[in-house]
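Residue numbers (the working numbering), protein chains in the order written: chain A, 1 to 411; chain B, 1 to 317; chain C, 1 to 258.
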């Protein structure tokens with residue numbers, strides 16, 4: 001019996017090693033494909049190197065020199081972690097290969113992003129990173145069950161997210177959760193939350209937001225392709241904020257001096273998150289002759305739901321501001337009173353004369369799935385075109401998707 | 001920046017209205033803001049005094065309307081309405097010296113990092129009625145004195161028993177007389193006790209809550225009545241609003257109406273001071289707009305919001 | 001007199017048409033095999049010799065279909081949905097407003113405007129249920145050429161319910177039906193109805209506007225057409241050469257009018 005266990009352990013180890021090699025190859029080949037593009041410039045190497053840290057998380061640990069907190073949703077305010085001296089990071093990856101590490105223990109129709117995250121976690125043995133804890137706002141069903149399946153409940157701080165936020169009760173309850181998070185962090189780090197530190201953190205992130213705002217403007221003007229934008233934004237939080245912001249500013253200066261590229265048809269991309277190295281949909285969109293010039297993915301433009309403005313700089317006032325800013329402005333379909341979320345899409349479409357929306361739904365992502373059906377008639381009524389693409393991380397439906405995208409560009 | 005312009009205007013008007021009289025400035029006695037007549041050497045006085053003063057002497061017949069007193073009443077009223085129509089709520093947010101005083105207390109509290117007191121939404125809605133009650137008090141008692149034989153000692157009821165500006169504003173000219181109790185007779189004693197206690201309570205309240213007194217101010221609703229005829233317009237493009245809630249959070253009066261409005265265009269609510277902080281904080285382009293006739297005075301924009309709330313970067317060594 | 005050439009490199013079959021003065025003067029279909037570029041070139045040579053023209057009378061071919069990226073010296077490449085829409089619109093004398101294309105491995109429902117522009121379309125997801133492959137597999141088990149399905153299906157008074165949409169599972173369902181002694185004709189009719197139901201499910205009522213045209217290789221099957229008409233409750237038209245409308249559309253796409 002013992003010998004059998006040992007054998008099966010060894011076999012498992014070999015399997016993991018094999019998958020590890022293939023995942024590494026996936027990361028590196030995606031990177032080199034990007035480096036071979038015609039619009040590549042050396043300034044991108046910094047961001048591409050950061051993205052490799054999704055596979056080598058120790059590098060992140062070394063770079064930030066602080067405990068790393070993994071959080072599964074932007075709803076937990078970054079500024080708070082930063083002020084407490086820990087580094088928040090979303091370590092989920094879009095690797096197709098790593099999914100099979102854990103897929104036998106998980107439902108087939110489960111969010112592939114979380115399957116990949118769990119797979120990556122298991123691949124690295126869960127302990128390579130000095131990961132103190134996870135912070136999990138209870139957004140969708142998969143996220144809620146994730147700590148249990150990944151066996152990290154002991155080191156997880158759950159934040160019960162109220163799904164109604166237009167009323168007083170929801171806002172109060174969410175603020176209570178944020179206070180709970182403060183207590184959790186204080187307990188874990190042994191430090192108290194200081195008002196000045198929180199204020200300073202808010203400003204650090206505002207500077208990053210300002211830089212990102214300029215990046216967004218560039219892409220609206222088609223001076224920056226959707227794929228490169230995603231590279232930059234996906235790499236947020238994989239390095240100390242200040243350093244990242246500096247590199248973004250350098251990149252901005254370099255691009256500003258360019259002449260405009262030929263105009264592809266511009267697209268708005270909405271729906272489930274897209275994370276490196278799974279740029280399948282972005283590549284297909286480009287192959288079909290279009291370019292994503294606006295999006296509201298929570299791993300892209302909507303990492304920041306907007307700037308932070310507070311009128312009350314007490315600790316309570318700052319926490320209230322952060323809680324509200326993430327809670328109320330979030331476009332995630334997990335909220336029940338989300339109707340105004342569509343307005344931001346319409347605004348962008350109108351302002352920048354974008355003709356259509358591609359809605360990306362990951363298989364098993366029910367909130368976005370149902371939301372796509374709500375959005376479609378509203379968009380079509382206003383005369384825009386709409387395409388729903390339901391897919392996961394596999395490559396086999398690329399042909400099918402490409403056909404649809406090409407037809408979509410012709411409408 | 002709008003905030004800087006507003007600060008400048010507030011401070012200039014504070015000086016003009018508190019000390020202007022010493023330099024020969026007089027903006028009249030029909031001002032729609034709390035420029036207290038008990039501050040000697042003021043540059044203009046609050047209409048509420050005229051309102052209380054005019055009515056009680058009048059016997060309300062057509063003949064008397066054409067008398068000096070009647071004409072005075074009509075003139076005051078006419079000028080008041082004109083001023084209200086032209087500037088509407090800007091009197092509250094940009095000119096009122098008592099409002100400026102409240103803002104100073106708020107800056108002090110913020111500097112010390114003390115958190116603001118908060119009312120629940122229900123409480124805040126319930127408090128709204130007090131403004132109307134005080135307005136009724138201000139209007140009815142003088143009328144009752146004039147026509148129902150109520151005692152003259154009750155004259156100027158609002159100024160002498162309620163208004164916190166009467167004890168507090170004269171302090172700016174070194175006048176502490178109004179902090180004392182007046183024991184001439186029972187009525188004056190009661191009035192002065194009320195006046196001083198309310199002022200003390202207001203002081204505490206104004207420190208812990210932004211623009212606390214404005215929640216109870218009868219002049220606010222008097223001005224609000226004329227909002228539809230004023231060329232000053234505060235409008236929202238509901239199709240552009242993404243529900244971020246910044247306007248609600250930044251509002252000194254904690255107004256929810258701007259955030260919650262999903263159908264109509266006009267969003268000047270009863271409590272609004274037209275401080276325009278909500279429009280500054282709005283991250284969407286051209287959703288909140290303040291207009292004067294057809295001219296756009298200010299419209300929200302993302303760039304402005306980012307610039308306004310990002311402090312200049314301090315480079316670390 | 002120049003000849004326009006349209007090449008449709010489909011997943012199951014390769015179609016080539018020659019057009020002269022907007023009329024089809026030569027056409028041919030062969031099954032898809034590796035080396036599609038070569039197959040297409042061979043077909044063109046074959047066509048030239050059959051109608052007696054020389055290569056320099058040919059315009060550059062317009063290529064469409066799944067394999068379009070494999071042909072390097074094409075004059076123009078156009079996506080198959082647009083080609084399909086254009087082809088059916090022109091061949092139907094501008095009457096078509098909806099096109100249902102049952103291809104080898106996909107099903108598309110295409111909507112056209114009055115001017116023949118592509119307004120919207122729907123396509124099956126990964127699963128190939130309801131495509132030409134369905135009949136191919138069924139034909140093998142029933143030992144019947146797919147071309148005979150039309151007559152056989154219509155000649156049957158009875159029908160059976162084929163519940164599986166999945167091609168692979170339908171296979172075993174047909175085998176068990178045959179083991180029960182059920183004849184080919186009702187089974188084939190059941191297959192037609194199953195396919196029609198699948199298409200009706202994909203299309204939805206508000207996505208269909210008259211006049212509706214059925215397209216693709218399977219459109220020659222009258223039994224299938226009847227079943228679809230029954231399911232959609234409206235008339236379904238079929239063009240004379242339904243398998244070639246995509247290639248036709250490709251060839252006509254260079255016309256300056258469109």
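Glycine is no exception: its CB is placed at the ideal position from the N, C-alpha and C atoms. Bear in mind the structure is a predicted one, so any value in this text is a computation, not a measurement.
Residue 80(C) has a beta carbon lying within less than 8 Å of a beta carbon in chain A. Contact between the stretch 55-65 of chain A and the stretch 81-99 of chain A is present: 3 or more CB-CB pairs across the two stretches fall below 8 Å.
Fewer than three beta-carbon pairs drawn from the stretch 400-407 of chain A and the stretch 364-384 of chain A are found closer than 8 Å, and the two stretches are therefore not classed as touching. For residue 407(A), the closest Cβ of chain C is nearer than 8 Å.
Per DSSP, reduced to three states, the secondary structure at residue 269(A) is strand. For the 8 Å CB-CB criterion, residue 200(A) and residue 245(A) do not form a contact. Rounded to whole angstroms, the Cβ separation of residue 244(B) and residue 258(B) is 12 Å, and the two are not in contact under 8 Å. Comparing C-alpha distances from residue 235(A) to each of 50(A), 374(A), 171(A), 37(A) shows the shortest one belongs to 50(A). Boundaries cannot be given for residue 382(A), as no alpha helix (DSSP H) includes it and DSSP labels it neither H nor E. Under the rule that a run must span 4 or more residues, the alpha helix (DSSP H) segments found entirely inside the stretch 180-250 of chain A read 195-220, 226-234. Proximity of residue 178(A) to chain C, defined by a Cβ-Cβ separation below 8 Å, is not satisfied.
Going by DSSP, residue 14(A) is part of the alpha helix (DSSP H) stretching over 2-35. In terms of Cα proximity to residue 385(A), the closest of 250(A), 322(A), 319(A), 268(A) is 268(A).
For the options 210(A), 327(A), 249(A), the alpha carbon positioned closest to that of residue 159(A) is the one of 327(A). Under DSSP, residue 391(A) shares a beta bridge with 362(A). Runs of the beta strand (DSSP E) lying entirely within the stretch 106-143 of chain C and spanning at least 3 residues, in chain order: 107-112, 118-123. Under the 10 Å beta carbon count, residue 161(C) is surrounded by fewer than 16 other beta carbons and is classified as exposed. Residues are counted here when their Cβ sits less than 8 Å from a Cβ of chain B; for the stretch 195-215 of chain A these are 195, 203, 206, 207, 209, 210, 213, given in chain order. In the DSSP annotation of this structure, the continuous segment of the beta strand (DSSP E) that includes residue 156(A) starts and ends at 156-159.
Judged by DSSP secondary structure, residue 213(C) falls within the beta strand (DSSP E) whose first and last residues are 212-215. Note on residue 185(C): 16 or more other CB atoms within 10 angstroms of its CB, so buried under the neighbour-count rule. If you look at residue 295(A), you'll find it in the beta strand (DSSP E) that goes 290-295. Here the alpha carbon of residue 309(B) sits roughly 12 Å from the alpha carbon of residue 246(B). The secondary-structure analysis by DSSP pairs residue 101(C) across a beta bridge with 108(C), 215(C). The C-beta distance from residue 99(C) to residue 133(C) rounds to 20 Å, too long to meet the 8 Å contact threshold. Secondary structure note for residue 289(B): its beta strand (DSSP E) is the uninterrupted segment 288-292. Judged by their CB atoms, residue 240(B) and residue 338(A) are not nearer to each other than the 8 Å cut-off.
Annotation for residue 7(C): no alpha helix (DSSP H) segment contains it, though the beta strand (DSSP E) segment containing it runs 4-9.
Look at the beta carbons and you see the stretch 291-306 of chain B not touching the stretch 59-66 of chain C: under three pairs across the two are nearer than 8 Å. Inclusion of residue 9(B) and residue 29(B) in the CB contact set at 8 Å is not warranted, their separation being larger than that value.
Taking 8 Å as the cut-off, the beta carbon of residue 138(B) is found no closer than this to the beta carbon of residue 72(B).
Between residue 83(B) and residue 142(B), the gap from beta carbon to beta carbon reaches 8 Å or more. Boundaries for residue 66(A): no beta strand (DSSP E) harbours it, and the DSSP string shows neither H nor E there.
Taking 8 Å as the threshold, the shortest C-beta distance from residue 300(B) to chain A does not fall below it. At the C-beta level, residue 146(C) and residue 153(C) stay beyond 8 Å of one another.
The C-alpha of residue 223(B) is placed about 23 Å away from the C-alpha of residue 205(B).
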